[in-house]
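In the working numbering, the protein residues as written are 1 to 348. Below is one structure, written out as structure tokens; comments come after it.
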């Protein structure tokens with residue numbers, strides 16, 4: 001059986017979830033030959049890639065990168081190209097897109113250059129199919145993933161209801177308007193400090209604003225980035241994901257693997273990660289709704305919910321890797337490796 005070979009294109013400046021997802025693919029699919037190309041799509045032509053490699057584009061599309069992708073299509077001829085949509089979502093267009101009509105025109109031209117467009121969550125995939133910017137049969141869902149082994153030995157929270165100590169709520173991520181941390185701090189003001197505490201870790205342009213918001217709140221800490229995410233998760237009872245848009249939400253997956261219930265915005269990829277058995281879904285930008293979910297979390301059996309959260313994350317990595325193998329084998333006309341039933345269901 002011929003070996004699947006993948007050429008990954010990533011923009012030199014990419015950080016965070018996109019980079020982690022690529023590193024996971026390359027590390028966990030050891031049966032696949034990977035080549036990583038760090039490119040500057042606004043400033044250079046595509047590199048020449050051997051014909052027996054599947055090209056997978058991981059960078060965020062834009063008008064300024066369209067000439068690069070057009071040149072790539074011309075160079076590849078009929079050889080397959082996959083574009084992974086890490087960035088754009090229904091809620092992104094609602095909150096962060098200055099011109100939806102202009103974005104739609106760019107997206108149609110971009111996706112037309114691909115043989116498949118990989119959505120990183122089912123919510124995102126369903127939105128793309130309905131939107132009309134890409135043929136429905138081109139959309140293939142492979143949820144983002146990362147190796148969560150380092151979270152699986154963290155003990156579930158011991159909390160089973162109000163026990164006289166504050167509920168420990170927290171989140172780590174970029175300090176950006178996308179993440180909704182300002183709403184989280186506002187919601188914290190509705191609860192007495194002896195009931196709940198909040199710990200944030202990250203960096204970004206909104207750090208000074210968040211610190212100023214929490215300056216008179218002794219139960220709220222706004223920290224710099226953490227290099228010990230498992231240790232950070234272990235210090236919490238519940239993980240908060242109050243994002244305004246989120247294509248998938250790697251921190252939510254890591255929280256689930258760490259046996260931490262979630263309080264999440266009901267947007268994009270967070271919806272499918274947050275079930276009533278292990279969390280609360282709140283409308284985006286709903287500060288009162290966040291406060292209510294926090295109050296309910298203070299009284300909930302967090303230990304049982306955490307165990308359910310961990311169970312929900314089991315097999316996620318294997319399913320994602322199987323789906324990538326199946327897609328690659330199909331596009332490159334190779335004999336497919338065995339794929340689990342879960343992977344078939346997720347990709348459908």
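Cβ coordinates follow ideal geometry from the N, Cα and C atoms, glycine included. Quick caveat: nothing in here was measured; it's all calculated off a predicted structure.
- The DSSP-derived three-state label of residue 136 is helix.
- When C-alpha distances from residue 239 are compared across 280, 52, 20, 219, the shortest belongs to 280.
- Secondary-structure assignment with DSSP links residue 279 through a beta bridge to 262.
- Residue 172 is bridged by DSSP to 201.
- Beta-bridge partners assigned by DSSP to residue 36: 8.
- When secondary structure is reduced to three states using DSSP, residue 302 falls in the helix class.
- Using a 10 angstroms sphere on the CB of residue 224, the tally of other CB atoms stays under 16, which defines it as exposed.
- In the structure shown, the three-state DSSP call for residue 54 is strand.
- DSSP lists 201 as the bridge partner or partners of residue 223.
- Restricting attention to beta strand (DSSP E) runs no shorter than 3 residues, the segment 51–107 encloses them at 54–57, 81–85, ordered along the chain.
- In the structure shown, residue 215 falls within a coil segment according to DSSP collapsed to helix, strand and coil.
- Between residue 247 and residue 37, the C-beta gap is not smaller than 9 Å, which leaves the two residues out of contact.
- In the displayed model, residue 22 falls within a helix according to three-state DSSP.
- In this structure, the straight-line span from the alpha carbon of residue 260 to that of residue 202 is close to 19 Å.
- Shown here, residue 45 sits in coil according to DSSP, grouped into three states, outside any helix or strand.
- Excluding five sequence positions before and after residue 199, the CB atoms of its chain that fall closer than 6 Å to its own CB belong to 170, 221, given in chain order.
- Of the candidates 262, 331, 284, 126, the residue whose Cα lies closest to the Cα of residue 305 is 262.
- A straight line joining the alpha-carbon of residue 335 with that of residue 56 spans about 19 Å.
- Under the criterion of beta carbons closer than 8 Å, residue 9 and residue 39 qualify as touching, at roughly 5 Å.
- Three or more Cβ pairs closer than 8 Å define a contact, and the segment 115–134 falls short of that threshold against the segment 146–154.
- Taken atom to atom, the span from the alpha-carbon of residue 174 to that of residue 204 is near 5 Å.
- Looking only at 82, 300, 101, 264, the smallest Cα-Cα distance to residue 6 is reached by 82.
- In the DSSP assignment, residue 116 forms a beta bridge with 82.
- Within a 10 Å sphere around the beta-carbon of residue 45 sit fewer than 16 other beta-carbons, which makes this residue exposed.
- Nearest to residue 250 by C-alpha distance, out of 180, 110, 19, 135, is 19.
- DSSP places residue 238 in no alpha helix (DSSP H) but in the uninterrupted beta strand (DSSP E) bounded by 238–241.
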